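Each residue of the sequence shown is one higher than the last, beginning at 670 in the working numbering. We put the beta carbon where it would ideally sit given N, CA and C, even for glycine. Just so it is clear, the structure is predicted and the values come from calculations on it, not from any experiment. To start, the structure under review is shown below, and the notes come after it.
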Amino acid sequence: MSVEFLSLDNIQEIAHQYGYWAVFIGIALENTGIPIPGETITIVGGFLAGSQELDYWLVLGTAIAGAVIGDNFGYWIGRFGGWEFLVKVGSLFKISPRQLEDVKEQFSKNAARAVFFGRFVALLRIFAGPMAGIAQMPYSQFLLCNLGGATVWASIMVTLSFFVGRIVPLHQLINWMAQFSVLALILVLGWVGVTIWLESRKPRLEGKE
Numbered sequence: 670m671s672v673e674f675l676s677l678d679n680i681q682e683i684a685h686q687y688g689y690w691a692v693f694i695g696i697a698l699e700n701t702g703i704p705i706p707g708e709t710i711t712i713v714g715g716f717l718a719g720s721q722e723l724d725y726w727l728v729l730g731t732a733i734a735g736a737v738i739g740d741n742f743g744y745w746i747g748r749f750g751g752w753e754f755l756v757k758v759g760s761l762f763k764i765s766p767r768q769l770e771d772v773k774e775q776f777s778k779n780a781a782r783a784v785f786f787g788r789f790v791a792l793l794r795i796f797a798g799p800m801a802g803i804a805q806m807p808y809s810q811f812l813l814c815n816l817g818g819a820t821v822w823a824s825i826m827v828t829l830s831f832f833v834g835r836i837v838p839l840h841q842l843i844n845w846m847a848q849f850s851v852l853a854l855i856l857v858l859g860w861v862g863v864t865i866w867l868e869s870r871k872p873r874l875e876g877k878e
């Protein structure tokens, strides 16, 4: 889900060295669309706050700011040139523009929920911002959902790692959160797949009638 050279030991070393900047830049880059472990960096930041190496409120504030700003960059990247790039990438994996249009349409119908809750889902946290731009989601709506989702997500991640990190090893806490994110991704993909399949069958069923 993220670049492999950033192991937990690497992330902890970066967080120790750069503190709040590591949290801010890490989650900002991930939300822009770059696959680095921003969630893990945020959890490490909350863990360090729990051990009184960092301040809880500053970690929370930088996590929210990084998530909001990163998603905004991702939105505008997606809005200007994102669709053309997606079609080129899709062609490499034998995905037709028509299939991508179906995905885009499904995202458009659920854009508000995707942006708000996307941070809790593996991969969607990375692509929700750019996809919102590609789907031409109204910016005012995106901004509201982005800010609300960032606040809820960061509050849960930082608070959970702040308190639970005192009684559970850091690597275990990160594993639990990663498993939850993957499970959420599987459920989302299943729901989208079933929805697209049902809609593809509508013309056939209507034709039989």
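- Rounded to whole angstroms, the gap between the alpha carbons of threonine 711 and phenylalanine 762 is 32 Å.
- Residues of the same chain with a CB within less than 7 Å of the CB of asparagine 779, apart from the 5 flanking positions on each side, do not exist.
- Look at the beta carbons and you see the stretch 709-728 touching the stretch 817-830: at least three pairs across the two are nearer than 8 Å.
- Under the three-state reduction of DSSP output, proline 807 falls in the coil class, being neither helix nor strand.
- Cβ neighbours of phenylalanine 776 within its own chain (closer than 7 Å, five residues either side excluded): Ala783, Met800 and Ala804.
- For leucine 792, the secondary structure class from DSSP, reduced to helix, strand or coil, is coil.
- Taking 8 Å as the cut-off, the Cβ atoms of isoleucine 795 and proline 704 count as close.
- DSSP places glycine 834 in no alpha helix (DSSP H); its state is neither H nor E.
- For the 8 Å CB-CB criterion, glycine 818 and phenylalanine 786 form a contact.
- Here valine 728 has Tyr689, Val692, Gly714, Gly715, Ala718 and Val827 as same chain residues with Cβ atoms under 7 Å from its own Cβ, once five neighbours each way along the sequence are excluded.
- DSSP places isoleucine 712 inside the alpha helix (DSSP H), whose first and last residues are 707-719.
- Fully enclosed beta strand (DSSP E) runs of no fewer than 3 residues are not present anywhere in the stretch 740-792.
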